[in-house]
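Under my numbering, the first residue of the sequence shown is numbered 1, with each subsequent residue one higher. Virtual Cβ for every residue (Gly too), placed ideally from N, Cα, C. Down below is the structure, laid out as structure tokens.
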Amino acid sequence: MPPLAGRCAFVMHQVLEHTDRIGLIRGTVSQADEGSWELLYLLRADAEGRVDRYEIFDWSDVDRARTRFHALVAGDRLAGDGPDVDEIVGLTTTADRLSLAMLDAQHRSAFDDIEAVMHPDYVFDERSAAFAGLGGRLESGDDYLADFREYVESVGGEVQTVADREVIAIRGDDLCLTSGSLEREGFSVSYLALVDTHEDLVRRVVFWSQWDGAQRQDALDELDRSWVERGGSAQWAAFDRRFSSIFRSGSVDDLAQIVGPAFVSVDHRPLGLGVRRRDEWLASSGAVVGRAAATGRSTVVRGRVRLGRVSFVIDDDESTLMDGLAVGVLDPAGRFVRQELFSLDQWDDARVRFDELTT
């Protein structure tokens, strides 16, 4: 690669790859008395559009430059511990849309707009630790609005704002679990909110503030209970619990009991394992069954098909065996019959496959 110090000119010929923030560009650099060279520039911009990183490659290293581009893209998308569900799946559900509408109306203290998205049977179900000894706190829509009006008056209209909102899980179109923080004058309170909608209105909000790991699990359990009550399948919730237990302390024989006879695994990752049938998949899983922590997050469920982020961490040395996206399918008996794996930068492919399997 030539020395580029001093006076030089750069001519861009082609953008080979790009996202909103990262680009791989082919161009020619010319320098007086030194000649010209065809180079590749890998550039990354920060949130304000300023270049915060660039790397230079010889044109002959185009494959290595492309590999580096995709590595930067994956790292960029992983910032903040992974994407939100709606970003992964490419959908906005009724529950998420109405949740945002209610938050916006509350921020504006627009009482009529708040009431406009509330179901006539609206219930606010407060389950924060402060109310644990009382078995929680239930409020009707009228009581909730009255309390909110009183709160707005008490703070002179300077209501708290919501920061770092994230959709944790979705069940169908009418149920979602979100997290975030309520902030005002330098004071911040973390929260979880389960939003339950009906007839295009918010029917119930279950709320936890200053939550811990146990309350997060309670929130996920409540989401699944609500999903089943709405006619959704309880199979994935039961399957996930058993699947995690088997990988932590079970055996391959235990795993075989929850895998259907026609099971197939399709690995779409760039360095993936291709297509594996049941026996081959079970055999390859034997090396980690009984000694791995299998976790999932950001799960979207439609019927017996789900899309989520999954990871496997080996207990012995805490190494990560996988951290990616998985589309899974259960049969009517609740057995695992199909798995399709994607890397975290293959969101669009995973979303398309999820849609194909649910239509």
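Counting along the chain, the unbroken beta strand (DSSP E) around A169 starts and ends at T161 to R171. Scanning I114, D218, T19 and A237 for the CA closest to the CA of V329 turns up A237. L341 is the residue among W59, L138, L341 and V162 whose C-alpha sits nearest the C-alpha of W281. Sequence-distant partners of Q14 (beyond 5 residues in either direction) whose C-beta falls short of 6 Å from its own C-beta, in its chain, are R26.
Our two residues, F263 and D221, have alpha carbons roughly 27 Å apart in a direct line. Within the DSSP bridge table, the entry for W211 names no partner. With 16 or more other Cβ atoms from the protein chains shown falling within 10 Å of its own Cβ, S265 counts as buried.
About 7 Å separates the beta carbons of L194 and V205, which is inside the 8 Å limit, making them a contact pair. Short of 8 Å from the beta carbon of H107, and not among the five residues preceding or following it, lie these beta carbons of its own chain, in chain order: V159, T161 and V162. A straight line joining the alpha-carbon of L103 with that of L175 spans about 16 Å. DSSP, read as helix, strand or coil, puts R276 in strand. If you ignore the 5 residues before and after R269, its C-beta comes within less than 8 Å of the C-beta of G324, L341, F342, S343 and Q346, all in its own chain and listed in chain order. Cβ-Cβ distances below 7 Å link V337 to G260, A262, F263, V329, L330 and D331 in the same chain, with the five nearest sequence neighbours on each side left out; the list follows chain order. The stretch 146-154 makes no contact with the stretch 169-185; the number of CB pairs closer than 8 Å stays below 3.
Scanning Q215, V155, P120 and R97 for the CA closest to the CA of D173 turns up R97. S311 and F239 have their C-alpha atoms some 16 Å from each other.
Q257: member of the alpha helix (DSSP H) spanning V252 to Q257, first to last residue. R137 is classed as exposed because its beta carbon has fewer than 16 other beta carbons within 10 Å across all chains shown. DSSP places H268 outside both helix and strand once states are collapsed to three, so it counts as coil. Under the criterion of beta carbons closer than 8 Å, I258 and R241 do not qualify as touching, at roughly 11 Å. With at least 16 other beta carbons inside 10 angstroms of its own, G232 counts as buried. Take the alpha-carbon of R216 and the one of R276: they are about 35 Å apart. The Cβ neighbour count for R225, taken over all protein chains shown within 10 Å, is under 16; the residue is labelled exposed.
Taking the Cα of T358 as reference, the smallest distance to any Cα among G303, T28 and R50 is reached at G303. Non-local beta-carbon contacts of V189 in its own chain, meaning distances under 7 Å to residues more than five positions away in sequence, involve S181, L182, S209 and Q210 in chain order.
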